[in-house]
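Working notes for the structure below.
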Amino acid sequence: AVSQHDGAIIARWQVSEAIVIRWSAMGDGGSASAQNRDQVIK
Numbered sequence: 819a820v821s822q823h824d825g826a827i828i829a830r831w832q833v834s835e836a837i838v839i840r841w842s843a844m845g846d847g848g849s850a851s852a853q854n855r856d857q858v859i860k
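Shown next, in the form of structure tokens:
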């Protein structure tokens, strides 16, 4: 079972991860780096 505290930590980490991905996608390469990331995920 996952406590609410652990769930909050996981949710916060996921949000931070999403922010980092969004910033890096807007950085050098832009859409190109986003496409590469999609290929890695798949």
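Residues 819 to 860 (our numbering) are what the sequence shown spells out, left to right. Beta carbons: idealized from backbone N, C-alpha and C, even for Gly. Since the structure is predicted, the reported quantities are computational estimates derived from the model, not experimental observations.
Other residues of its chain near residue i: CB distance less than 6 angstroms, five sequence neighbours each side excluded
| i | result |
| --- | --- |
| D824 | none |
Local conformation of residue i per DSSP, three classes
| i | result |
| --- | --- |
| S821 | coil |
Own chain partners of residue i with C-beta closer than 8 angstroms, once the 5 adjacent residues on each side are dropped
| i | result |
| --- | --- |
| A833 | Note that residue 833 is Val in the sequence shown here, rather than Ala. Within the same chain, V833 has no close Cβ partners at all. |
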